[in-house]
Amino acid sequence: MKVWVFVEGRSDCLALDALWGAWKNRLRVARHGIALIPLDDKSRFFRKIGHRAAEKLIDSPSDLVVGLPDLYPNDTYVNTEYRHSNLSELQEVQQRLVAKALREVFGRDGASAGDLLRRFYPSALKHDLEMLLLAAKPQLQSYLRTTDDLDCWHKPVEEQNQQTPPKRIVEDLFRTKRRWYYRDTLHAPAILRKVTDLRQVFSDDRGQAQCPVFQAMVDWVQTKTGVPAY
Numbered sequence: 006m007k008v009w010v011f012v013e014g015r016s017d018c019l020a021l022d023a024l025w026g027a028w029k030n031r032l033r034v035a036r037h038g039i040a041l042i043p044l045d046d047k048s049r050f051f052r053k054i055g056h057r058a059a060e061k062l063i064d065s066p067s068d069l070v071v072g073l074p075d076l077y078p079n080d081t082y083v084n085t086e087y088r089h090s091n092l093s094e095l096q097e098v099q100q101r102l103v104a105k106a107l108r109e110v111f112g113r114d115g116a117s118a119g120d121l122l123r124r125f126y127p128s129a130l131k132h133d134l135e136m137l138l139l140a141a142k143p144q145l146q147s148y149l150r151t152t153d154d155l156d157c158w159h160k161p162v163e164e165q166n167q168q169t170p171p172k173r174i175v176e177d178l179f180r181t182k183r184r185w186y187y188r189d190t191l192h193a194p195a196i197l198r199k200v201t202d203l204r205q206v207f208s209d210d211r212g213q214a215q216c217p218v219f220q221a222m223v224d225w226v227q228t229k230t231g232v233p234a235y
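Converting from the sequence shown to the numbering used here requires adding 5 to each position, the first position being numbered 1.
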């Protein structure tokens, strides 16, 4: 079984690959795998996800497909077919695009399409990848070489607002704590590689959930594959 995870860009691939390193090894032992595929940016993600996801679902009767774009930004799409103002609407857009491709490109409709779509999980990085860096606060503190608490964001970390998404918070922290410019392709995987157990990201030191939307997606994959992620 292969799990195809479609994301927006290369930085997402590098960061998730670093975070999921141990899980990917366990999947490999079980003869499964996860492939992270960038679709260049959010606009191209929308244009490509329907056909690309439908193709993977058609090609193998066991493979799984996950859609994982950023929720932020969304104002660009207000007057388009990709309009979404929240997670639920973003999931509906992805589901509709994949169903449309199954119907119009591959001739699959009705029950046949329904069976295929059960192996597709539309989700999102809410609001963007950097929410995982906020969730990995000890690793972020270590990388920034600071003992400051860093509690300058909403909790759970997925509940930031559109005006101050996680990436902006991380950029500010890098600038104030290290006088560096944050580089997502370099710094995100370096920080997330230090996470030794996904539970460190999913719950804080008081046991409170930090990124339930992301965790739900991981839980769906681990249930389908039978290989624990944490």
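Note that CB positions come from ideal geometry on N, CA and C, so glycine has one too.
Being a predicted model, the structure only gives us computed values, none of them experimental.
Find out if the Cβ-Cβ distance for the pair Gln144, Lys199 is shorter than 7 angstroms. Along the sequence shown, one-based indexing puts residue 144 at 139. Along the sequence shown, one-based indexing puts residue 199 at 194. Judged by beta-carbon spacing, Lys199 lies within the 7 angstroms limit of Gln144, meaning their Cβ atoms are closer than that value.
Can you round the beta-carbon distance between Phe11 and Phe51 to whole angstroms, since I take them to be within the 8 angstroms contact cut? For the purposes of this step, residue 11 is identified with residue 6 of the sequence shown, where counting begins at 1. For the purposes of this step, residue 51 is identified with residue 46 of the sequence shown, where counting begins at 1. So it is not a contact: roughly 11 angstroms between Cβ atoms.
For the pair the region 147 to 159 and the region 105 to 118, tell me if three or more CB-CB distances fall below 8 angstroms. No, the region 147 to 159 is not in contact with the region 105 to 118.
Proximity test, Ala116 beta-carbon vs the ligand GDP heavy atom, cut-off 6 angstroms: Although the ligand GDP was asked about, the structure shown includes no ligands whatsoever.
Quick check: the region 165 to 172 against the region 37 to 49, are at least 3 beta-carbon pairs closer than 8 angstroms? They do not touch, by the three-pair rule.
Alpha carbons only, please: which of Pro161, Gly38, Glu94 and Arg108 is nearest the one belonging to Gly212? The residue labelled residue 212 in the question sits at position 207 within the sequence shown. Of the candidates Pro161, Gly38, Glu94 and Arg108, the one whose C-alpha sits nearest the C-alpha of Gly212 is Pro161.
Nonlocal neighbours in the same chain, by C-beta distance under 6 angstroms from Leu102, ignoring five residues either side: Within the sequence shown, numbered from 1, the residue matching residue 102 stands at position 97. Only Ile54 and Gly55 meet the Cβ criterion.
If Gln165 sits next to Met136, beta carbons under 8 angstroms apart, how far is it from one beta carbon to the other, in whole angstroms? Within the sequence shown, the letter at position 160 stands for residue 165. Within the sequence shown, the letter at position 131 stands for residue 136. Contact between Gln165 and Met136 is confirmed by a C-beta separation of about 7 angstroms, below the 8 angstroms threshold.
From Val70 to Ser128, what does the alpha carbon distance come to, in whole angstroms? Stepping through the sequence shown from its first residue, residue 70 is reached at position 65. Stepping through the sequence shown from its first residue, residue 128 is reached at position 123. The alpha-carbon atoms of Val70 and Ser128 are separated by roughly 11 angstroms.
Taking the continuous alpha helix (DSSP H) assigned at Lys7, which residues delimit it? What you label residue 7 is simply residue 2 of the sequence shown in a count that begins at 1. Where Lys7 is concerned, there is no enclosing alpha helix (DSSP H), although the beta strand (DSSP E) it sits in stretches over Lys7 to Val12.
For my contact list, Glu2 and Lys142 are in at a C-beta cut-off of 8 angstroms; report their separation, rounded to the angstrom. Missing from the structure shown is residue 2; the chain here goes from 6 to 235 and no further.
The beta strand (DSSP E) with Tyr126 in it runs from where to where? Position 121 of the sequence shown, counted from the start, is the residue given in the question as residue 126. Unbroken beta strand (DSSP E) run through Tyr126: Phe125 to Pro127.
Given a cut-off of 7 angstroms on the beta-carbon distance, is the pair Ile39 and Lys29 in contact? Numbered from its first residue, the sequence shown carries residue 39 at position 34. Numbered from its first residue, the sequence shown carries residue 29 at position 24. Here Ile39 is near Lys29, since their CB atoms are less than 7 angstroms apart.
Mind checking Arg1: buried by the 16 CB within 10 Å criterion, or exposed? Outside the modelled stretch of the chain, which goes from 6 to 235, sits residue 1, for which no answer is possible.
Given Asp133 as reference, the closest of Trp9, Val8 and Asp17 once Cα atoms are compared: Position 128 of the sequence shown holds residue 133. The shortest C-alpha separation from Asp133 is found at Asp17.
Minimum length 4: unbroken alpha helix (DSSP H) runs contained in the region 35 to 69: DSSP runs (the alpha helix (DSSP H)) wholly in the region 35 to 69: 47 to 64.
For Trp185, which residues in the same chain have their Cβ closer than 6 angstroms to its Cβ, ignoring the five residues on either side in sequence? Position 180 of the sequence shown, counting from 1, holds the residue named residue 185. Within the same chain, Phe179 come within 6 angstroms of Trp185 by CB-CB distance, once the 5 residues on both sides are set aside.
Restricting to Cα atoms, I'd like to know which of Leu139, Ala59, Trp225 and Thr228 is closest to Gln215. Within the sequence shown, residue 215 is the residue found at index 210, counting from 1. Comparing Cα positions, the closest option is Leu139.
4 or more residues per run - each alpha helix (DSSP H) lying fully within the region 101 to 167: If you keep only unbroken alpha helix (DSSP H) runs of at least 4 residues inside the region 101 to 167, you get 115 to 122, 136 to 140 and 142 to 149.
Is Leu73 helix, strand or coil by DSSP? Counting from 1 along the sequence shown, the entry for residue 73 is found at position 68. Reduced to three states, the DSSP call for Leu73 is strand.
Determine the burial state of Thr230: buried for a count of at least 16 other Cβ atoms within 10 Å of its Cβ, exposed for fewer. Against the sequence shown, residue 230 aligns to sequence position 225. By the 16-neighbour rule on beta-carbons within 10 angstroms, Thr230 is buried.
In the DSSP assignment, find the alpha helix (DSSP H) that holds Val223 and state where it starts and stops. For the purposes of this step, residue 223 is taken as the residue at position 218 of the sequence shown. Unbroken alpha helix (DSSP H) run through Val223: Pro217 to Thr230.
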